[in-house]
């Protein structure tokens with residue numbers, strides 16, 4: 211994800227707001243940076259707007275204020291339970307519970323460490339490690355040092371029979387009584403497998419969680435949303451005619467579908483790996499990790515010669531992938547050929563040029 215922001219010229223501003231590790235950032239700071247950058251490029255942002263109707267045939271979105279927003283294409287980035295996804299799939303998609311929830315808690319690092327057994331406290335070096343993990347019987351914990359190692363952000367994975375839950379749920383009362391800091395509970399609900407990118411009208415395209423829901427604890431969830439935006443921006447940078455829009459949206463799906471589906475599977479696989487119930491598989495996992503630890507190795511790292519194993523190939527592919535290169539490759543391999551096939555008639559049909567000032571962002575809530 212960082213290399214995309216660097217390509218966009220945001221390197222210095224991004225490093226100013228990342229933590230000391232230069233690899234961890236709070237989402238609110240990233241959101242602020244991207245919002246400011248978008249406005250600087252001429253994007254119009256309207257906050258706290260309520261959508262009451264959307265007419266894809268006419269390309270119009272009606273707000274509660276009576277204002278009508280017109281566009282050639284609407285980009286739905288309002289999440290897995292948002293209005294946009296419901297329009298694309300034809301119904302409100304509530305997902306399928308998997309019997310697991312994530313509880314997020316921030317806690318004072320000094321208090322946490324002082325209660326650790328001596329042999330564990332000796333190896334816990336907050337300044338040298340970006341992430342910690344613990345596995346249990348059908349449960350798990352991930353902890354990340356934040357605020358210059360003064361706090362630990364915990365994500366607890368627990369079995370849960372709750373039918374629904376998402377990011378916006380209110381704090382859970384029981385945990386608030388035990389933990390003085392903010393606590394939020396989110397059910398990990400995978401939505402439909404694969405990628406759901408665009409409406410048949412080619413007037414509405416989904417990105418981020420709206421197109422491919424990731425579990426709340428996913429490492430790559432935000433990165434996939436940024437990649438969606440980068441690919442969409444690259445493709446529309448080649449726009450010269452409204453007739454190209456359906457083709458670009460089809461290309462967008464082709465570029466993103468395999469990537470997002472693969473990363474979804476990896477993320478869910480990590481959750482199941484961490485939360486194995488007591489079993490022969492769990493004991494084999496623990497024995498292997500314990501042996502590596504006794505040898506002074508990272509328990510989660512691969513051994514020499516394992517680079518060709520499937521799980522390590524997945525890791526390499528995840529971080530070597532360049533989504534903007536993929537978009538450029540599609541254009542040069544297929545897009546240019548399509549334009550040439552149109553001949554002189556197509557070359558004279560230039561009726562639009564992509565400009566950032568043509569972009570508008572409306573933060574949408576569903577009408578009651």
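In the working numbering, the protein residues as written are 211 to 578.
Glycine is no exception: its CB is placed at the ideal position from the N, C-alpha and C atoms.
It should be emphasised that the depicted structure is a prediction, and the values quoted were computed from it without experimental measurement.
Quick check on the DSSP output: the beta strand (DSSP E) that includes residue i runs from which residue to which?
i: residue 271; result: 270-273
i: residue 343; result: 342-346
i: residue 278; result: 278-280
Can we count residue i as close to the ligand FMN, meaning its CB is less than 7 Å from some heavy atom?
i: residue 476; result: Within the structure as shown, the ligand FMN is missing, as the structure has no ligands at all.
Would you mind giving the Cβ-Cβ distance between residue i and residue j, rounded to the nearest angstrom? I have them listed as a contact below 8 Å.
i: residue 407; j: residue 466; result: 7 Å
i: residue 273; j: residue 259; result: 5 Å
i: residue 537; j: residue 476; result: The pair is not a contact, with the Cβ atoms about 22 Å apart (cut-off 8 Å).
i: residue 236; j: residue 312; result: Not really, about 17 Å apart at Cβ, beyond 8 Å.
i: residue 437; j: residue 214; result: 7 Å
i: residue 292; j: residue 300; result: With a Cβ gap of about 14 Å, residue 292 and residue 300 do not count as contacting.
i: residue 463; j: residue 528; result: Actually they are not in contact, since the Cβ atoms of residue 463 and residue 528 sit about 20 Å apart, beyond 8 Å.
Assuming residue i is part of the alpha helix (DSSP H), what are its boundary residues?
i: residue 490; result: 490-504
i: residue 431; result: 431-446
i: residue 611; result: Shown here, the chain extends from 211 to 578; a query on residue 611 therefore has no answer.
i: residue 551; result: 546-551
i: residue 297; result: 293-299
i: residue 250; result: 237-250
i: residue 213; result: 212-217
i: residue 427; result: Counting along the chain, residue 427 falls outside any alpha helix (DSSP H), and DSSP gives it neither H nor E.
i: residue 329; result: 328-331
State the beta-bridge partners of residue i as determined by DSSP.
i: residue 473; result: According to DSSP, which records beta bridges pairwise, residue 473 is partnered with nothing at all.
i: residue 416; result: 286
i: residue 366; result: 313 and 351
i: residue 356; result: 361
i: residue 408; result: 415
i: residue 318; result: 361
Decide if residue i is buried, meaning its Cβ has at least 16 other Cβ atoms within 10 Å, or exposed.
i: residue 336; result: buried
i: residue 458; result: buried
i: residue 557; result: At residue 557 the pLDDT is 49, less than 50, meaning the model places this residue with poor confidence; the figure from the coordinates comes in the next sentence. Per the 10 Å Cβ criterion, exposed.
i: residue 314; result: buried
i: residue 544; result: exposed
i: residue 333; result: exposed
i: residue 340; result: exposed
i: residue 548; result: exposed
i: residue 553; result: exposed
i: residue 417; result: buried
i: residue 576; result: Because the pLDDT at residue 576 is just 48, under 50, the model does not fix this residue reliably, and the point stays unresolved.
i: residue 255; result: exposed
i: residue 497; result: exposed
i: residue 360; result: exposed
i: residue 298; result: buried
i: residue 278; result: exposed
Quick check on residue i - is its C-beta less than 8 Å from some C-beta in chain C?
i: residue 273; result: In the structure shown, chain C cannot be found, because there is only a single protein chain.
message = Count Cβ pairs between the segment 442-460 and the segment 425-432 that sit closer than 8 Å; are there 3 or more?
response = no
message = Is it the case that the segment 408-422 contacts the segment 264-284, given that we only count it when at least three CB pairs across the two stretches are under 8 Å?
response = Counting Cβ pairs under 8 Å, three or more are found: they touch.
request  = Mind the definition here: the segment 482-498 touches the segment 345-354 only if three or more C-beta pairs lie below 8 Å; say whether that holds.
outcome  = yes
ask   = Within the chosen definition, does the segment 322-332 reach the segment 434-446 through at least 3 CB pairs nearer than 8 Å?
value = no
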